[in-house]
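Numbering-wise (my numbering), the sequence shown opens with residue 786 and increments by one. All C-beta atoms in this analysis are idealised placements derived from N, C-alpha and C, irrespective of residue type, glycine included. Note that this is a predicted model, so its numbers are computed, not measured.
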Amino acid sequence: MRMGRQVQSSLDNLDSVDLMEQLKGWGAEIVGIGDVRLGLPSDLKGLSTAISLGLIHPEQSPKEENQFYEYRYPEIDLRIEYIQKMMTRQLHANGWRFLAIPSDTSRRENRLISKIYPLFPHKTAATCSGLGWIGKSGLLVHPQYGPRVSWATVLTNAPYRATGKPYIRGQCGQCNACVRACPAGAISGQEWRRGSNYETMVDIVSCAQQLELNRAVVGDLACGRCIEACWRGHRS
């Protein structure tokens, strides 16, 4: 697997633009840097710079009634893990503190880092980096690729400047495609604003119950109807 070229430079001499180019050289397809001080729990104070990394899902063919969107890509998880490893190696070599939070689909609950998962979602890093907003489905929506992106985050105290204007509200407007597509009726249609209560946007219990019903059909906790329904990111 080709992971991208390694650039031999000291982070002490890199600005945010240079860092983004370096990360893309390692294989990242979407990169942003944001100030996340307002979204950090007390346990993570001091790591106020978030480096948000995204890899785009491959295009999938239209789904039939009993088929679901495939959102788990082990090869993408491996690529993201590689990029994070290169990033944190550089940070460590230059004396910066950091915390690498893996992609949602590669999380293993027996790892120490699993205790951090509920404290800092990738959506916070991406919205603060100007890479997207929270859709009505509760998923991160990239303006070009929609919800079809795997995300990972590196938090650090390295003083990089933010690279984009943060999103503080949703951009879905009158679109309710995900609302109509949800077989559980779990999506309320409420537009996101920073500080919104996710529980009023998505009924997590109904969503979980639907996943269990789907498992009885296909043997897996699969669905992704809201991902498939979003028109942003469809390339066909």
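For residue i, count neighbouring C-beta atoms within 10 Å of its own C-beta (all shown protein chains included) and say buried if the count is 16 or more, exposed if not.
i, result
"Q1030", "Because the chain is modelled from 786 through 1021, residue 1030 falls outside the range shown and cannot be assessed."
"E1013", "buried"
"I989", "exposed"
"T985", "exposed"
"L924", "buried"
"R1010", "buried"
"D800", "exposed"
"Y945", "buried"
"A1001", "exposed"
Taking C-alpha atoms, which residue in the options lies nearest to residue i?
i, options, result
"P951", "V934, Y930, T912, A966", "T912"
"R965", "R822, S922, Q807", "S922"
"M805", "A835, P826, D828, S827", "A835"
"L840", "Y858, G974, L876", "Y858"
"V926", "R946, G958, A947, A1001", "G958"
"D862", "P843, E844, P887, A878", "P887"
"C967", "H842, D803, Q994", "Q994"
"I829", "A1001, A971, P906, N879", "Inspection of the sequence shows that residue 829 is occupied by Leu rather than by Ile. For L829, the nearest C-alpha among the options comes from P906."
"D803", "P826, D889, A947, C992", "A947"
"S991", "A971, E814, C960", "A971"
CB-CB under 6 Å to residue i, same chain, minus the five flanking residues each way: which ones, in chain order?
i, result
"G949", "G817, S914, G915"
"R822", "S833"
"L808", "V816"
"M871", "W811"
"R979", "I953"
"H842", "R933"
"Y983", "G923"
"C960", "none"
"D889", "none"
With distances taken between CB atoms, is the gap from residue i to residue j smaller than 8 Å?
i, j, result
"Y930", "G824", "no"
"P932", "G920", "yes"
"A969", "C1015", "no"
"G819", "R864", "no"
What whole-angstrom Cβ distance do residue i and residue j have, given they're in contact under 8 Å?
i, j, result
"W936", "L838", "7 Å"
"A885", "V934", "No, A885 and V934 are not in contact; Cβ-Cβ is about 18 Å, not under 8 Å."
"L998", "L1006", "So it is not a contact: roughly 10 Å between Cβ atoms."
"E976", "G955", "4 Å"
Who are the near neighbours of residue i in its chain, counting only those whose CB is closer than 8 Å to its CB and skipping five residues on each side?
i, result
"Y831", "Residue 831 is actually Gly in this sequence, not Tyr. Within the same chain, G831 has close Cβ partners R882, N942."
"Q793", "Residue placement at Q793 cannot be trusted, given a pLDDT of 38 that sits under 50; what the coordinates show is reported in the next sentence. Within the same chain, Q793 has no close Cβ partners at all."
"S973", "K921, V964, T985, M986, V987, D988"
"H877", "F883"
"T873", "F883, A885, V939"
Report whether the distance from the Cβ of residue i to the nearest heavy atom of the ligand SAH is below 7 Å.
i, result
"C963", "Because no ligand of any kind appears in the structure shown, any question about the ligand SAH cannot be addressed here."
Near residue i, which residues of its chain fall below 7 Å by C-beta distance, leaving aside the five closest residues on each side in sequence?
i, result
"T909", "V821, G824"
"C1008", "F853, Q995, L996, N999"
"E814", "G839, L840, I841"
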